[in-house]
Amino acid sequence: MLLKKNKSWDMKSIGLKPTDITPKHLFDSRRKFIANSGKTMLGLGIGAIAGGLPLMANMKTAHATTPLNAMKSMVHTLGRLGEEKLTEFDAATQYNNFYEFGTGKSDPYENSGDFKTTPWTVSIEGEVANRGVYDFNDLVKPHQLEERVYRFRCVEAWAMVVPWVGVQLSDVIKRLEPTSKARYVAFETLHDPDQMPGQRGFGFKWPYVEGLRMDEAMNPLSLLCTGMYGETLPNQNGAPIRLVTPWKYGFKSIKSIVRISFTEEQPPTTWNMIAPREYGFYSNVNPKVSHPRWSQARERVVGDGLFSSKRPTLMFNGYEEEVASLYADMDLQKNY
Ligand code: MTE
């Protein structure tokens, strides 16, 4: 089911024009307090603390970015489009999970300002013909940059809608020519405790690692992102290059990638190693499979206020049509 004639991210099929994507400067001009931000969740393995501190008062700007010329002809919003609005730029860039810079939601924004992302190389390794160390620009340059609006769902039960900019992962993979033995793709984040204060403590086995089955990586929804809101990625969102797999919980979308390996065996993944009962390898958004410590049936929309009512979670985060066939033979209760 990889290729459909009428792709659901084709703007025409959902009645969107390129101009319907709000440019970043409009988000900037609409800056306002994010009532539900702050140090709200220690999340994931550690449990939730609803503090709801307002942020932004005296923050250092950690998102120096430059504009990107993405083709805006491919937009994916889906499902309940019309009811959904894009998450404000400030919310998406100041309410983050990036434990390398701290576990609080505003830590990545506050602590990543000096993070050095140029030069940046990505090592391509394993079961693949075109191995080597690539400048990250060379990895993406041959491919069409696209802007795609995706729903984004964190395992902590908050959700956003983000206009990502990136290249389709499958295009990059095809160019790298994996061997017939390559059944998985493994990703690794930079390990640099001098720059990433979170890597100096907090009991993680660094670097952060993630992985996809090859057919998941080849699914057209999988995006290697270099930008968002029309500009290069802010550091706190995973500059200069990150993964986005919108039908999976957000922790699969690994940031600041320095290594991509093609493997025969299923690769280890960070949150699965920390708490295997809570975070599986697949981690597909599924309202019917509860996290052992909270329900996944409903989700809070970031920007709607900490105490706003939650809305129902959608199977595969609304991307069922595109990805359900990948798991047709699997028990999703077991393969969570
Ligand atoms: N990648 C790395 N290297 N380190 C992290 O802590 N957090 C993950 C994911 N990628 C994380 C990461 C989690 S839990 C989420 S929800 C998303 O990044 C958050 O992405 P965002 O901050 O751009 O919204």
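Its first residue numbered 16, the sequence shown is counted upward by one per residue in the working numbering. A virtual CB, placed ideally from N, CA and C, is assigned to each residue, including glycine.
Quiz item: What does DSSP give as the partner residues of Val137 in its beta bridges?
Solution: Answer is Tyr149.
Self-check item: Completely contained alpha helix (DSSP H) runs for the region 98–130, where each covers 4 or more residues
Solution: Whole alpha helix (DSSP H) segments, 4+ residues: 104–109 and 122–126.
Exercise. Decide if Ala174 is buried, meaning its Cβ has at least 16 other Cβ atoms within 10 Å, or exposed.
Key: buried
Exercise. Return yes when the C-beta of Glu246 is under 7 Å from any heavy atom of the ligand MTE, and no when it is not.
Key: no
Exercise. Go to Ile275, then tell me how far its beta strand (DSSP E) extends in each direction, as first and last residue.
Key: Ile272 to Thr278
Quiz item: For the beta strand (DSSP E) that Trp309 lies in, which residues bound it at each end?
Solution: Here Trp309 belongs to no beta strand (DSSP E), and DSSP marks it neither H nor E.
Practice problem: Assuming Met233 contacts Ser185 (C-beta within less than 8 Å), just tell me the rounded distance between them. | Solution: 4 Å
Exercise. Evaluate Met56 with the Cβ neighbour count: other Cβ atoms within 10 Å of its Cβ, from every protein chain shown; 16 or more gives buried, anything less gives exposed.
Key: With a pLDDT of only 34 at Met56, under 50, the local geometry of the prediction cannot be trusted, and no value is derived from it.
Quiz item: Any idea what DSSP makes of Tyr297, helix, strand or coil?
Solution: coil
Quiz item: What's the call for Tyr334, buried or exposed, on a 16-neighbour Cβ count within 10 Å?
Solution: Around the beta carbon of Tyr334, 16 or more other beta carbons sit within 10 angstroms, so the residue counts as buried.
Quiz item: Grouping DSSP H, G and I as helix and E and B as strand, with all else coil, what is Lys263?
Solution: strand
Quiz item: Which residue's Cα is closest to the Cα of Val170: Phe322, Pro302 and Gly318?
Solution: Pro302 is the residue among Phe322, Pro302 and Gly318 whose C-alpha sits nearest the C-alpha of Val170.
Self-check item: Val170 in three-state terms, based on DSSP
Solution: Note: Val170 maps to coil in three-state DSSP.
Quiz prompt | Beta-carbon proximity check, Trp262 vs Phe331, cutoff 8 Å | solution = yes
Self-check item: Buried or exposed by the 16-neighbour rule on C-beta atoms within 10 Å, applied to Met288
Solution: exposed
Exercise. Tell me whether Leu93 sits in a helix, a strand or coil according to DSSP, three-state version.
Key: Annotation note: pLDDT 47 at Leu93 (below 50); position unreliable, no value reported.
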